[in-house]
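Report on the following structure.
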């Protein structure tokens, strides 16, 4: 599980790189980000910014649309990656 | 067509490899290439992927081009022709440098004093690096034949009802991916046709053309198969773009045997959704954002596929194939 602060960081990354057509504050954690205007190209920028912000690397199996479709989905992926780092 | 675009273009991302380090051609591809050189069908330049074309090669290409003309007539496309260079600003606005930075080419030219010119010439004469005397110009190499079409159509304002079909002809395009595989050229002709309209118009057009293209190639005795495909996007982010493209079925290719371990893409059908329309402000008559699709025949690959399938002497090709191409 990520902290509220970490979820806030994810929201910040999406606000800066997701090129959403609506304000990030108006979105719930379950909102479909692609429906909210994020393009495939913008999702790549979100991916790279998340890697920098959380010091993780998304493995190939996570380089797909469903991992970036909502704040919840991204948080689940970040949680998995940061927990994996913590156990090394 | 991005490529395809490869896609009528590349299917893997080559780096800035030098001639000697390119171990990418199969034995069969290398033998095929050597035979093409020996017969004067292609003319070697010393740079992998950059070839001259002999008279017979060009004749086959022109005959195939005429078949595309005939197949496209039903669309009543508007003809547009563009040079193999485009304004750098158009490339910058297109998103190409985000998706394919490794394939792009831009034009630099000399800027400096007489002394600089002398220094440049001295280095160049020794075949050393003279790039420090070069400055960026306003020009870039056309990466896909459809790229100049979108801004040209957008400059007219909102589209007419039912959108437009543009035939961009057989245009020279550039991809920086040196290879010994004769089917992977750095500079080649893409015959592109572009559809701009509503999502349903564009998808219907693309699906009609994928059937038309399949019939066209099979009619020439090529064992063409349709396959879901993805462009050779750059980097790890590119892998995600490619996965999205496949998942959403945005790109189809027609594949034919061409001496490689896997069949080679000779034609692609690409649905860009709002990608280009958004970047170039292409609007439908009602003011909403248009959708775009394009198809591209990789003409050199199709000529190579015909030579590979039927042999190096068109006089001995199957009568049906000859009849379609030469009408006799």
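Residue numbers (my numbering), protein chains in the order written: chain A, 25 to 112; chain B, 110 to 437. We put the CB at the ideal spot given by N, CA and C, even for glycine. The model shown is predicted, which means the values in this text are computed figures rather than measured ones.
- At a cut-off of 8 Å between C-beta atoms, residue 65(A) counts as an interface residue with respect to chain B.
- Checking the DSSP bridge columns, you'll see residue 88(A) has no partner listed.
- For residue 376(B) against residue 330(B), the beta-carbon gap comes to about 15 Å, at or over 8 Å, which does not count as contact.
- Pairwise C-beta distances place the region 391-405 of chain B in contact with the region 268-288 of chain B, as three or more of them are shorter than 8 Å.
- Note that the C-beta distance between residue 156(B) and residue 291(B) is not below 8 Å.
- Within chain B, the residues 346, 349 have their CB atoms less than 7 Å from the CB of residue 71(A), given in chain order.
- Contact annotation: in the region 201-214 of chain B, residues whose CB is within less than 9 Å of a CB in chain A are 204, 207, 208.
- Excluding residues up to 5 positions away in sequence, 191, 192, 193, 194, 195, 257, 280, 281, 282, 283 lie with their Cβ nearer than 8 Å to the Cβ of residue 251(B) in the same chain.
- Here DSSP, grouped into helix, strand and coil, assigns residue 236(B) to coil.
- Per DSSP, the unbroken alpha helix (DSSP H) holding residue 260(B) starts and ends at 258-263.
- Around the beta carbon of residue 59(A), fewer than 16 other beta carbons lie within 10 angstroms, which makes this residue exposed.
- With a 10 Å radius around the Cβ and a threshold of 16 neighbouring Cβ atoms, residue 305(B) comes out buried.
- Looking at the backbone, the Cα of residue 43(A) and that of residue 175(B) are separated by about 44 Å.
- A Cβ-Cβ separation of about 6 Å places residue 106(A) in contact with residue 80(A) under the 8 Å criterion.
- Look at the beta carbons and you see the region 131-147 of chain B touching the region 361-371 of chain B: at least three pairs across the two are nearer than 8 Å.
- Around the beta-carbon of residue 152(B), fewer than 16 other beta-carbon atoms lie within 10 Å, marking it exposed.
- Taking a C-beta distance under 8 Å as the contact criterion, residue 411(B) and residue 173(B) qualify as a contact pair.
- Along the length of the region 171-234 of chain B, whole beta strand (DSSP E) runs at least 3 residues long occupy 194-196, 215-219, reported in chain order.
- The Cβ atoms of residue 218(B) and residue 246(B) lie closer than 8 Å to each other.
- In the three-state reduction of the DSSP assignment, residue 426(B) falls in the coil class.
- The Cβ-Cβ distance between residue 335(B) and residue 361(B) falls below 8 Å.
- Under the three-state reduction of DSSP, residue 401(B) is assigned to strand.
- It is roughly 18 Å from the alpha-carbon of residue 294(B) to the alpha-carbon of residue 255(B).
- With contacts defined as CB atoms closer than 8 Å, residue 48(A) and residue 74(A) fail to qualify as a contacting pair.
- Cβ contact annotation for residue 434(B) (same chain, cutoff 6 Å, sequence separation greater than five): 172, in chain order.
- Straight across, the Cα-Cα distance linking residue 210(B) with residue 427(B) is about 43 Å.
- When Cβ-Cβ separations below 8 Å define contact, residue 53(A) makes no contact with chain B.
- In the DSSP assignment, residue 363(B) falls outside any alpha helix (DSSP H) and lies within the beta strand (DSSP E) extending over 360-365.
- Taking a C-beta cut-off of 7 Å against chain B, the contacting residues of the region 81-102 of chain A are 84, 87, 88, 89, listed in chain order.
- With 16 or more other Cβ atoms inside 10 Å of its own Cβ, residue 347(B) counts as buried.
- Within the region 25-39 of chain A, no residue has its Cβ closer than 9 Å to any Cβ of chain B.
- Secondary structure of residue 55(A) (DSSP, three-state): coil.
- The three-state reading of DSSP puts residue 285(B) in coil, since its state is none of H, G, I, E or B.
- Residue 94(A) and residue 408(B) have their C-alpha atoms roughly 42 Å apart.
- If you compare the alpha carbons of 383(B), 422(B), 285(B), 232(B) with that of residue 308(B), the shortest gap goes to 383(B).
- Per DSSP, reduced to three states, the secondary structure at residue 392(B) is strand.
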